[in-house]
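Chemist: First, the structure itself, so that you have it in front of you.
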Amino acid sequence: MEPTQIAAAVGARRKLAEELFDTLRAETFDGVGITRASYGPGEQFAHETLRRRAAELGLETSTDAAGNSYMTLPGRHRAAKPTLIGSHLDSVAQGGNFDGAAGVIAGVTALAALADTGWQPEADVTVMGIRAEESAWFGVSYIGSRAALGVLPEGALDEARRADTRRTLADHMAECGADPDALRNSPPHLDPQHLAAYLELHIEQGPVLEERAIPVGIVTGIRGNLRVPAARCIGEYSHCGGVPRAHRRDAAIAVAELVMSLDRIWDECEARDQDFAFTVGKMATDAGRHAMTIIAGQVDFSIDMRSLDIGFLDEMEARVQAIAMEIAAKRRVRFDLGRFTRAAPGLLDERIKARLREGTKALDIPAIDIPSGASHDAAAFAAAGVPTAMIFVRNANGSHNPDEAMEIDDFMRGVELLAWYLASPT
Ligand SMILES: [Zn+2]
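Residue numbers for the sequence shown follow this note's numbering, beginning at 21 and rising by one.
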């Protein structure tokens with residue numbers, strides 16, 4: 021299909037995209053931002069809405085044992101390897117409307133536009149609405165995609181508990197009509213060997229495209245992560261005036277020392293161009309026991325470490341443990357780091373990236389290459405060996421907040437690129 025015909029067909033479906041964004045926003049606005057908890061009512065509404073609308077558009081719809089949604093435009097050869105276009109439909113608490121949902125709406129809009137022209141793909145093209153990508157809820161990332169691929173971490177179903185309800189993942193899944201027992205006992209829904217490609221459109225969560233006034237980015241790679249979701253340092257509560265320094269078991273200063281050790285590692289990484297970032301997003305003394313004049317007997321904290329280099333993340337697990345042991349001995353405290361969770365970096369497919377760059381030229385879309393610092397389901401597909409690529413759409417004010425601001429014009433350019441990829445012969 022000619023690029024101009026693709027652009028026109030996509031442009032004619034702008035209302036569909038706007039309507040879907042508006043419907044999700046209206047139902048899942050929480051008074052401050054958007055809340056679509058993983059396996060919660062907002063996410064459930066988003067899945068049901070997308071599947072219903074896709075069915076009205078003539079797409080085949082289904083779900084899997086993890087509750088992911090599939091919306092398929094059938095190809096001429098049903099047995100041929102399908103192409104997946106996916107993203108997640110959950111959000112963080114008080115988040116924005118575009119993070120995640122944009123990728124699913126983009127897929128449905130692209131398929132609707134292409135179907136309008138009478139186009140039929142050679143193999144199936146399936147839009148996947150993915151469950152539970154945001155690790156804020158269960159402390160585990162990419163739950164829906166990893167469950168579909170059969171690589172959900174051991175024990176996650178029964179051990180991961182949602183931050184707000186403290187109920188297990190299996191429990192929440194069952195409540196949403198998913199089937200955790202089938203996940204335990206049946207072969208995975210998706211066979212990575214039988215997927216032609218996985219493409220994900222997502223808003224950029226950093227300021228690069230906005231600063232450079234470019235609507236679309238072709239993602240070069242996705243950082244993996246190593247996380248310590250629920251660590252604790254245990255010292256001893258005692259009066260700050262009465263206890264000499266040598267007798268203190270100060271959990272606050274011990275955690276501070278651990279954090280500063282990681283910051284020095286970050287300095288070293290920068291000096292030798294090693295990709296790395298870490299964040300201590302949670303650090304808290306016990307509000308029930310802390311006081312200005314009491315030495316902290318307990319500090320709870322989290323660590324999120326990211327890198328494009330999986331070997332370096334492996335190394336960091338041992339280093340964090342060694343640093344914690346050393347500080348514990350020196351400061352007479354105890355660290356209980358708890359469970360480490362990890363997600364492998366996503367290496368994106370060079371051939372698809374090259375095709376997408378070609379597409380931006382054919383459609384006259386200003387675009388640049390850009391790495392992804394944030395995690396995405398695409399990383400799970402890439403780690404499983406599926407040829408994977410991502411398209412970023414310009415977005416102001418970051419994400420995971422109510423102020424994320426993607427222009428629908430930019431979004432539609434991203435949809436054009438997706439549609440071009442599907443409908444242009446290689
Ligand atoms: Zn996202």
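Even glycine gets a Cβ: it sits at the ideal position worked out from N, Cα and C.
1. Measuring alpha carbon to alpha carbon, tell me which residue in Gln341, Glu346, Arg326 and Arg351 is nearest Pro365.
2. Distance, Cα to Cα, Ser165 vs Phe431?
3. Return helix, strand or coil for Ala216, following the three-state DSSP convention.
4. Do you know whose CA, among Met312, Arg252, Gly53 and Met345, lies nearest Ala304's CA?
5. At a cut-off of 7 Å, is Asp119 close to ligand 1 when judged by its beta-carbon and the heavy atoms of the ligand?
6. For the putative contact between Phe296 and Phe332, defined by C-beta atoms under 8 Å, what is the C-beta separation to the nearest angstrom?
7. Quick one: is the Cβ of Glu224 within less than 7 Å of any heavy atom of ligand 1?
8. Any idea if Pro141 is buried or exposed, counting beta-carbon neighbours within 10 angstroms, 16 or more meaning buried?
9. Does the CB of Leu44 have a neighbour CB from chain B at under 8 Å?
10. Measuring CA to CA, which of Gly87, Ala311 and His420 is closest to Ala194?
11. For ligand 1, I want to know if His396 counts as a neighbour, meaning its beta carbon is within less than 7 Å of at least one of the ligand's heavy atoms.
12. Report the three-state DSSP secondary structure of Glu230 (helix, strand or coil).
13. Provide the residue(s) that pair with Gly241 in DSSP beta bridges, ordered along the chain.
14. Give me the DSSP bridge partner(s) of Ala318.
15. Under 7 Å Cβ to Cβ from Pro94, same chain only, skipping five residues before and after it: list those, please.
16. Under the rule that 16 or more other beta-carbon atoms within 10 Å means buried, what is Asp384, buried or exposed?
17. What first and last residue would you give for the beta strand (DSSP E) that runs through Glu80?
18. Verify whether the separation of the beta carbon atoms of Ala443 and Ile26 is less than 8 Å.
19. Taking Cβ positions, are Val147 and Met91 nearer each other than 8 Å?
20. CB Asn117 to CB Arg45, shorter than 8 Å?
21. Along the chain, where does the beta strand (DSSP E) that runs through Ser107 open and close?
22. Please state whether DSSP places Arg269 in a helix, a strand or coil.
23. According to the neighbour-count rule (16 or more other Cβ atoms, all chains shown, within 10 Å of its Cβ), is Asp110 buried or exposed?
24. Provide the residue(s) that pair with Gln304 in DSSP beta bridges, ordered along the chain.
25. Which of the three DSSP states, helix, strand or coil, is assigned to Tyr90?
26. To the nearest whole angstrom, what separates the beta carbons of Ser419 and Gln225, a pair I think is in contact under 8 Å?
27. Identify whether His259 lies in helix, strand or coil by the three-state DSSP scheme.
28. By Cβ distance, which residues of its chain are closer than 6 Å to Ala382, with the 5 residues on each side in sequence left out?
29. Work out the CA separation of His192 and Thr185 for me, nearest whole Å.
30. So, are the CB atoms of Ile343 and Asp270 less than 8 Å apart?
31. Quick one: does the C-beta of Glu424 sit closer than 7 Å to a heavy atom of ligand 1?
32. Can you give the beta carbon distance from Ser58 to Gly149, rounded, assuming they're within the 8 Å contact cut?
33. Closest by CA to Ala250, which one among Ser206, Lys302, Ala272 and Val263?
34. Just the C-alpha distance for Glu290 and Pro227, rounded to the nearest angstrom, thanks.
35. Quick one: any contact between the region 352–363 and the region 199–209, if contact means 3 or more CB pairs under 8 Å?
Modeler: Answer, in terms of the structure:
1. If you number the sequence shown from 1, residue 365 lands on position 345. Looking at the Cα atoms, Arg326 is the closest of the given residues.
2. Along the sequence shown, read from residue 1 onward, the residue named residue 165 stands at position 145. Along the sequence shown, read from residue 1 onward, the residue named residue 431 stands at position 411. Their backbone Cα atoms lie some 23 Å apart in a straight line.
3. On the sequence shown, residue 216 is found 196 positions in, with the first residue counted as 1. DSSP places Ala216 in coil when its eight states are reduced to three.
4. Start at 1 with the first residue of the sequence shown, and residue 304 comes out as number 284. Measuring from the Cα of Ala304, the nearest candidate turns out to be Arg252.
5. As a working mapping, residue 119 is identified with position 99 in the sequence shown. Because some heavy atom of ligand 1 lies under 7 Å away, the Cβ of Asp119 counts as near it: yes.
6. For the purposes of this step, residue 296 is taken as residue 276 along the sequence shown, with counting starting at 1. For the purposes of this step, residue 332 is taken as residue 312 along the sequence shown, with counting starting at 1. Yes, they are in contact, since the Cβ atoms of Phe296 and Phe332 sit about 7 Å apart, within 8 Å.
7. The residue you call residue 224 lines up with position 204 of the sequence shown. Flag unset: Cβ of Glu224 not near ligand 1.
8. The count along the sequence shown starts at 1 and reaches residue 141 at position 121. Pro141 is buried by the Cβ-count criterion.
9. Absent from the structure: chain B. Only one protein chain is present.
10. Residue 194 sits at position 174 when you count from the first residue of the sequence shown. That would be Gly87, whose Cα lies nearest to the Cα of Ala194.
11. Residue mapping note: residue 396 aligns to position 376 of the sequence shown, counting from 1. For ligand 1, at least one heavy atom lies less than 7 Å from the Cβ of His396.
12. Locating residue 230 in the sequence shown gives position 210, where the first residue counts as 1. Here Glu230 sits in helix by DSSP.
13. Reading the sequence shown from its first residue, position 221 is the one you call residue 241. Leu367, per the DSSP bridge assignment.
14. In the sequence shown, residue 318 corresponds to position 298, counting from 1. Position check: residue 318 holds Gln in this sequence, whereas Ala was assumed. DSSP, once it has assigned bridges, lists Ile254 as partnering Gln318.
15. Translated into positions along the sequence shown, residue 94 becomes position 74. Only Glu80 and Asp144 meet the Cβ criterion.
16. The residue you call residue 384 lines up with position 364 of the sequence shown. Its Cβ having fewer than 16 others within 10 Å, Asp384 is exposed.
17. Locating residue 80 in the sequence shown gives position 60, counting from the first residue. Its beta strand (DSSP E) spans residues Glu80 to Thr83.
18. Indexing the sequence shown from 1 puts residue 443 at position 423. Indexing the sequence shown from 1 puts residue 26 at position 6. It is a contact, given that the beta carbons lie within the stated cut-off.
19. Your numbering for residue 147 matches position 127 in the sequence shown. Your numbering for residue 91 matches position 71 in the sequence shown. Yes, Cβ-Cβ distance for Val147 and Met91 is below 8 Å.
20. To locate residue 117, count along the sequence shown from 1; it is residue 97. To locate residue 45, count along the sequence shown from 1; it is residue 25. Yes; because the gap between Cβ atoms is below 8 Å, this pair is in contact.
21. Numbered from its first residue, the sequence shown carries residue 107 at position 87. It spans Thr103 to His108 - the beta strand (DSSP E) in which Ser107 sits, taken as one unbroken run.
22. As a first step, residue 269 is located in the sequence shown; it is residue number 249 there, counting from the start. Arg269: coil per DSSP, three-state reduction.
23. The sequence position of residue 110 within the sequence shown is 90, counting from 1. The residue in question, Asp110, is buried, as its Cβ has 16 or more Cβ neighbours within 10 Å.
24. If you number the sequence shown from 1, residue 304 lands on position 284. A quick correction: the sequence has Ala, not Gln, at residue 304. Asp320, per the DSSP bridge assignment.
25. Residue mapping note: residue 90 aligns to position 70 of the sequence shown, counting from 1. Here Tyr90 sits in strand by DSSP.
26. Stepping through the sequence shown from its first residue, residue 419 is reached at position 399. Stepping through the sequence shown from its first residue, residue 225 is reached at position 205. So it is a contact: roughly 4 Å between Cβ atoms.
27. In the sequence shown, residue 259 corresponds to position 239, counting from 1. Strand.
28. As a first step, residue 382 must be located in the sequence shown, where it is residue number 362. Around Ala382: Pro23.
29. Looking up residue 185 in the sequence shown gives position 165. Looking up residue 192 in the sequence shown gives position 172. Each residue's Cα considered, the two are about 9 Å apart.
30. Taking the sequence shown and counting its residues from 1, one reaches residue 343 at position 323. Taking the sequence shown and counting its residues from 1, one reaches residue 270 at position 250. In this structure, Asp270 does not lie closer than 8 Å to Ile343 by Cβ.
31. Translated into positions along the sequence shown, residue 424 becomes position 404. Not under cutoff, so the answer is no.
32. Residue 58 sits at position 38 when you count from the first residue of the sequence shown. Residue 149 sits at position 129 when you count from the first residue of the sequence shown. Between Gly149 and Ser58 the Cβ distance is about 13 Å, and since that is not below 8 Å, they are no contact.
33. Locating residue 250 in the sequence shown gives position 230, where the first residue counts as 1. It is Lys302 whose Cα lies nearest to the Cα of Ala250.
34. Numbered from its first residue, the sequence shown carries residue 290 at position 270. Numbered from its first residue, the sequence shown carries residue 227 at position 207. Looking at the two C-alpha atoms, the distance is approximately 20 Å.
35. no
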